[in-house]
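Residues in the sequence shown are numbered from 60 upward in steps of one, following our numbering. Every residue gets a Cβ at the ideal spot worked out from N, C-alpha and C, and that includes glycine. Written out below as structure tokens is the structure these notes cover.
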Amino acid sequence: MIPIDSKEYRLLYTDEFGDDVGLDEVQLLDPPLEDRVPELLGLLDSSDTFVSYQAMLVLSAWGNESGVKFLDSLVDEEKIHESGFESHRITDEDNVYDELAYAIYLYSLSDGDEDKIITILKKLLSIYPKYFFESKLKYVLLKTNYIELADLIENVIQSTLSNQKPYQASQLLPVLARFDAKKGWSAIQSFINLPPSIPDPANNIAESLKYCSSQDAEKLLLKYMSSKSPGVAEEASLSLKYMKS
């Protein structure tokens with residue numbers, strides 16, 4: 060825990076009025092607090108790795124290139140997941156790489172360098188089969204139009220599935236189907252006959268089908284609409300409405 064009366068706490072968790080708003084809200088401050096940037100840059104060299112990690116999240120969200128360079132190095136090193144900074148509330152798995160993906164998304168909203176964004180997204184996808192990603196990388200990719208990532212995503216889905224992570228693999232199905240409907244439909248075939256699991260990949264399958272405009276896709280959606288799972292049935296209904304619109 061960072062002491063509440065410390066400089067680090069003020070820089071990372073308070074707004075321009077000094078009110079305690081939390082890291083997430085500080086990341087979203089618009090415009091960024093430029094007077095804080097020099098001190099935040101100094102925190103990147105902190106001996107406390109949690110402090111340097113959180114300073115990076117703020118700086119990256121504000122469009123600072125040094126923050127993104129630090130983020131990139133964390134992905135390359137593949138060690139940050141050992142720190143337990145982003146333990147999942149239910150599974151206790153570390154979700155840190157998902158948080159890095161979201162930081163890159165915020166960087167993109169600050170007119171960040173597109174080549175850097177794509178490069179880091181590729182790196183995150185390359186480690187996706189190995190580590191836990193809750194949902195933020197999926198969210199980020201759905202917000203982009205980087206269709207050049209379709210082939211990579213197709214391979215990552217299969218690798219993640221081979222690593223016995225069917226739900227995590229299925230999270231990328233809507234992204235792939237949106238970028239390339241033919242590839243998306245092909246990838247879906249690897250999931251539809253899998254045994255039931257929790258969480259259920261059917262939610263993501265139903266979501267991805269809205270991008271696959273075909274009679275076969277529509278039939279599958281109608282099947283999912285009768286699912287005993289309310290979430291799957293609702294997702295299928297929404298996808299069918301999208302397909303018909």
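Indicate whether residue i and residue j have their beta-carbon atoms separated by less than 9 Å.
{"i": "I264", "j": "S229", "result": "yes"}
{"i": "Y205", "j": "F238", "result": "yes"}
{"i": "L92", "j": "A114", "result": "no"}
{"i": "Q227", "j": "F192", "result": "yes"}
{"i": "D153", "j": "K195", "result": "no"}
{"i": "F144", "j": "Y166", "result": "no"}
{"i": "L88", "j": "D107", "result": "no"}
{"i": "Q86", "j": "A162", "result": "yes"}
{"i": "S185", "j": "L220", "result": "no"}
{"i": "P225", "j": "K197", "result": "no"}
{"i": "E137", "j": "I177", "result": "no"}
Using only the alpha-carbon positions, how far apart do residue i and residue j sit?
{"i": "F129", "j": "L102", "result": "11 Å"}
{"i": "N262", "j": "S256", "result": "11 Å"}
{"i": "F76", "j": "S65", "result": "16 Å"}
{"i": "I139", "j": "K287", "result": "40 Å"}
{"i": "V80", "j": "G290", "result": "33 Å"}
{"i": "D94", "j": "D78", "result": "16 Å"}
{"i": "P258", "j": "S296", "result": "19 Å"}
Whose C-beta lies closer than 7 Å to the C-beta of residue i among residues of the same chain, with five residues either side of it excluded?
{"i": "K242", "result": "A209, E213 and L235"}
{"i": "S298", "result": "A265, E266, L268, K269 and L280"}
Since I believe residue j is in contact with residue i (beta carbons under 8 Å), could you give me their beta-carbon distance rounded to a whole number of angstroms?
{"i": "M284", "j": "A276", "result": "Actually they do not touch by this definition, with Cβ atoms about 13 Å apart."}
{"i": "L231", "j": "I216", "result": "5 Å"}
{"i": "K175", "j": "V117", "result": "Contact flag wrong, Cβ pair sits at about 17 Å."}
{"i": "P188", "j": "S218", "result": "4 Å"}
Cβ contact check for the region 132-141 and the region 166-173: 3 or more pairs under 8 Å: no
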